[in-house]
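Right, one structure below, let's go through it.
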Amino acid sequence: MKRDWKLICVDVDGTLLDDTKKVPKEAADSLRAAAAAGVWIALVSGRMPAALTPVEKELGISCIKACCAGTYILMDGQCLSSVYLPAGSMRAIGALGAKRGIPLWIYREEDWFVTGEDALVREESAIIGREPKIASVEELARAWDLAGTGPNKLLFGADPKAIGEIGQELKSGSYGEVEAARSADMYLEIYPKGMNKGRALNIICEKLNIDSSQAIAFGDQELDTPMIEAAGLGVAMGNAIEELKEKADYVTGTNNEAGIAQALGRYLNP
């Protein structure tokens, strides 16, 4: 498939990073070569901005950053788009987690809040090198109600069975205009309805004045599905969930095999 590719959108965890949370050399080299050839690189991730900065530094190239499941997009350090959940939805979703004793992770642009600490919170903090702020849903909701704003994204981290049950309950429509998708077996990301990674890809394309058919997207989880479907070439990693592989145009090697480099070698420089 020879095409005038202009944009590469890359999920981070499980896609760009290997299981040791490093960028394989081959993957980094392939993205640097693409950038040198004039192709834009976007990191499209559930991570907050501060957690993407080390990845960008490891790559050694300037990247567009679509953070918090694509709800907060930064380009050249400037905010391109920031979409929020209503504070009322956050209250209801926080109560859902509280009934199960599961802390709610709350993201707003550069800030990360949690309603309590557990092993998954501590693990995430160690990975990204940043401590969350402890806050109650109600105190944040009151402040954001007054400001007319809300969180970009919410997240639950728990055992896969509980995450599946919460995901089903959120689809009931009782929690406002929200969408939810897994970014891993034990993580459920919750964001404004209609504002997902696919929409983030389209916003970036509009800003760059290119067509989405000129974009390549890489992912491995349910959260990546809209982006894989929106791109001209949707690539699932070899370690991706089966549902994503079925929707992708191509399945490449795993994140531990620098699957990104394999696919770019095939399609960007055939």
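Position in the sequence shown counted from 1, then plus 16, gives you my numbering.
Just so you know, even glycine gets a beta-carbon here, dropped at the ideal spot from N, CA and C.
Residue burial is scored here from C-beta neighbours: Thr268 has at least 16 other C-beta atoms within 10 angstroms and is therefore classed as buried.
Taking C-beta separations shorter than 6 angstroms and ignoring five residues to either side along the sequence, the partners of Pro242 in its chain run Asn212, Lys213, Gly214, following chain order. Three or more pairs of CB atoms, one per stretch, sit closer than 8 angstroms, so the stretch 73-92 contacts the stretch 54-63.
Counting the other CB atoms within 10 Å of its CB gives Cys25 a total of 16 or more, which places it among the buried residues.
Phe234 and Ser199 have their C-alpha atoms roughly 14 angstroms apart. Look at Pro208 here: in three-state DSSP terms it is strand. Of the candidates Ala174, Trp56, Glu126, Ala174 places its Cα closest to the Cα of Leu204. In this structure, the straight-line span from the alpha carbon of Lys261 to that of Ile276 is close to 15 angstroms. The beta carbons of Lys263 and Ile244 sit about 6 angstroms from each other, so the pair counts as a contact at 8 angstroms. With a beta-carbon spacing of about 19 angstroms, Tyr100 and Pro148 fall beyond the 8 angstroms limit used to define contacts. If only uninterrupted beta strand (DSSP E) runs of at least 3 residues are considered, those enclosed by the stretch 182-246 are 194-200, 203-208, 231-235. Judged by beta-carbon spacing, Leu186 lies beyond the 8 angstroms limit of Trp121, meaning their Cβ atoms are not closer than that value.
Residue state for Trp160 is assigned as helix, using DSSP reduced to three classes. Using a Cβ distance threshold of 8 angstroms, Ile80 and Met91 count as a contacting pair. Shown here, Arg48 sits in a helix according to DSSP, grouped into three states. Secondary structure note for Ala58: its beta strand (DSSP E) is the uninterrupted segment 56-60.
In this model, Val251 and Leu162 are separated by some 42 angstroms (Cα to Cα).
In this structure Ser188 is exposed. Its beta-carbon is surrounded by fewer than 16 other beta-carbon atoms within 10 angstroms. Ala66 is not a Cβ neighbour of Ile57, given a cutoff of 8 angstroms.
Annotation for Ala82: no alpha helix (DSSP H) segment contains it, though the beta strand (DSSP E) segment containing it runs 80-83.
Check the Cα spacing between Ala274 and each of Ile109, Gly254, Tyr283: the tightest is with Gly254.
Counting other Cβ atoms within 10 Å of its Cβ, Glu222 stays below 16 and is therefore classed as exposed. DSSP links Tyr123 through a beta bridge to Trp128, Lys169.
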